[in-house]
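> Numbering (the UniProt record's numbering), first residue to last: 1 to 223.
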Amino acid sequence: AGHEGPAPSGRAVHTAMPPPGSKRRRGKASSSAAAASAAASAPTAVDICFDDDDAFGRARYVGEAIRSVPHGMGEMAWRMGGNYRRFKGRFEHGEMRDGKLWFGANGESTYHGRLVDSKASGRGTLRPGPAEDTSFERYSGDWWQGHKQGSGSAQFRDGRAYHGGWVRDMMHGQGRLRWADGSAFQGSFVHDEPHGWGVLLIGTPREGEGEGDVAGEGDGAGA
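1. Go ahead and label P194 buried or exposed: buried means 16 or more other beta carbons lie within 10 angstroms of its beta carbon, across all protein chains shown.
2. Give a yes or no on whether the C-beta atoms belonging to G159 and G175 are separated by under 8 Å.
3. Quick check on D47: buried or exposed, where buried means 16 or more other Cβ atoms within 10 Å of its Cβ?
4. Cβ of E75 within 8 Å of Cβ of G63?
5. Classify Q145 as buried or exposed, calling it buried when 16 or more other Cβ atoms lie within 10 Å of its own Cβ.
6. Label K28 either buried or exposed according to how many other C-beta atoms from any shown protein chain fall within 10 Å of its C-beta, with 16 as the threshold for buried.
7. Look at the alpha carbon of G107 and the alpha carbon of A65, and state the distance between them as a whole number of angstroms.
8. Mapping the DSSP letters down to three states, classify S183 as helix, strand or coil.
9. With a floor of 3 residues, list each beta strand (DSSP E) that falls wholly inside the stretch 55 to 137, ordered by position along the chain.
10. According to the Cβ coordinates, are H109 and W143 closer than 8 Å?
11. Excluding the 5 residues preceding and the 5 following R127 in the sequence, name in chain order all residues of the same chain whose CB lies nearer than 6 Å to its CB.
12. Roughly how far, in whole angstroms, is the beta-carbon of L101 from the beta-carbon of R85, given that I think they are within contact range, below 8 Å?
13. Considering only C-alpha positions, which residue in the set V190, A45 and S153 is nearest to G173?
14. Throw me the rounded Cβ distance for the A105 and N83 pair, which I believe falls under 8 Å.
15. By how many angstroms is the C-alpha of C49 removed from the C-alpha of S151?
16. Between the alpha carbons of F185 and L177, how many angstroms are there, rounded?
17. What do you reckon, are the CB atoms on R157 and S135 nearer than 8 Å?
18. Using only the alpha-carbon positions, how far apart do S68 and A154 sit?
19. Rounded to the nearest angstrom, how far is the Cβ of S170 from that of Y162, given a contact under 8 Å?
20. Can you give me the Cβ contacts of G99 inside the same chain, cut-off strictly under 7 Å, excluding the 5 residues immediately before and after it?
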């Protein structure tokens, strides 16, 4: 069955005014209309294969739907270019909303959380697959339109770990960055770099002003 587009909004049911004293009949008709309307808008279990020219592309969906539009809990699998994608969770009027998304050449990357317009927005956790060209191996926190933004924690592939503020995928605001050798900086960050006053920990805490590589030279720690 092909995708028929979003379910139309409910239509008002107009009936002729009943004669005086017919409250029972009026109540029965109203109840029947309400029951019919509720039945039409209730999700039903479906197994749908979408065509290439459909809004979903070539895909298979198994789960709850209203008039062939995914709505409720379900699972969809499809390919976009050379990438495999699968989503399992809650749909709203054909849009992925909350759940787990597998993606990448072999579906090795995962995102678990909230989506808006098919982009990570809200709280969620991203784990890129080994083939993905990213500097981090895990991020958990706030998202906005597909970007890390707000507060979150990241584990980097070079051993660094960061918890704090983010703006458009960059460490920005107050946070704490720890390097693989145990050194750490807690303070202000601007565009992925420690910047301004903070506390640098190398064996014993000391206060300093950081800009760029706050650890200095020869101490084995660097941004």
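For glycine and all other residues, C-beta sits at the position ideal for the given N, C-alpha and C.
So, from the listed chains and residues:
1. Looking up residue 194 in the sequence shown gives position 194. By the neighbour-count rule (16 or more Cβ atoms within 10 Å), P194 is buried.
2. Stepping through the sequence shown from its first residue, residue 159 is reached at position 159. Stepping through the sequence shown from its first residue, residue 175 is reached at position 175. Contact: no.
3. Start at 1 with the first residue of the sequence shown, and residue 47 comes out as number 47. Result: exposed.
4. The residue labelled residue 75 in the question sits at position 75 within the sequence shown. The residue labelled residue 63 in the question sits at position 63 within the sequence shown. Cβ atoms of E75 and G63: closer than 8 Å.
5. Your numbering for residue 145 matches position 145 in the sequence shown. So Q145 ends up on the exposed side.
6. As a working mapping, residue 28 is identified with position 28 in the sequence shown. Residue confidence for K28 is low, a pLDDT of 45 falling below 50, so the modelled location carries little weight; the figure read from the coordinates is stated next. It counts as exposed.
7. The residue labelled residue 107 in the question sits at position 107 within the sequence shown. The residue labelled residue 65 in the question sits at position 65 within the sequence shown. Approximately 25 Å between the Cα atoms of the pair.
8. Position 183 of the sequence shown, counting from 1, holds the residue named residue 183. Of the three classes helix, strand and coil, the one that applies to S183 here is coil, per DSSP.
9. 59 to 66, 69 to 80, 83 to 92, 95 to 103, 109 to 116 and 119 to 127
10. Within the sequence shown, numbered from 1, the residue matching residue 109 stands at position 109. Within the sequence shown, numbered from 1, the residue matching residue 143 stands at position 143. The amino acid at residue 109 is misidentified as His; the sequence shows Ser. Taking 8 Å as the Cβ cut-off, S109 and W143 do not qualify as a contacting pair.
11. As a first step, residue 127 must be located in the sequence shown, where it is residue number 127. Correct list, in chain order: T110 and R138.
12. On the sequence shown, residue 101 is found 101 positions in, with the first residue counted as 1. On the sequence shown, residue 85 is found 85 positions in, with the first residue counted as 1. 7 Å between Cβ atoms; contact.
13. Within the sequence shown, residue 173 is the residue found at index 173, counting from 1. For G173, the nearest C-alpha among the options comes from V190.
14. Counting from one through the sequence shown, the residue named residue 105 turns up at place 105. Counting from one through the sequence shown, the residue named residue 83 turns up at place 83. Correct: roughly 6 Å between the Cβ atoms.
15. As a first step, residue 151 must be located in the sequence shown, where it is residue number 151. As a first step, residue 49 must be located in the sequence shown, where it is residue number 49. Roughly 39 Å between the two C-alpha positions.
16. By one-based count along the sequence shown, residue 185 stands at place 185. By one-based count along the sequence shown, residue 177 stands at place 177. Approximately 5 Å, taken between the alpha carbons.
17. Reading the sequence shown from its first residue, position 157 is the one you call residue 157. Reading the sequence shown from its first residue, position 135 is the one you call residue 135. Yes, the Cβ-Cβ distance between R157 and S135 is below 8 Å.
18. Looking up residue 68 in the sequence shown gives position 68. Looking up residue 154 in the sequence shown gives position 154. Taking the straight line joining both Cα atoms gives about 39 Å.
19. Here residue 170 corresponds to residue number 170 of the sequence shown, with the count starting at 1. Here residue 162 corresponds to residue number 162 of the sequence shown, with the count starting at 1. The amino acid occupying residue 170 in the given sequence is Met; Ser does not appear at that position. About 11 Å separates the two Cβ atoms, so there is no contact after all.
20. As a working note, residue 99 is residue 99 in the sequence shown. Closer than 7 Å at Cβ, skipping near neighbours: F87, K88, G89 and R90.
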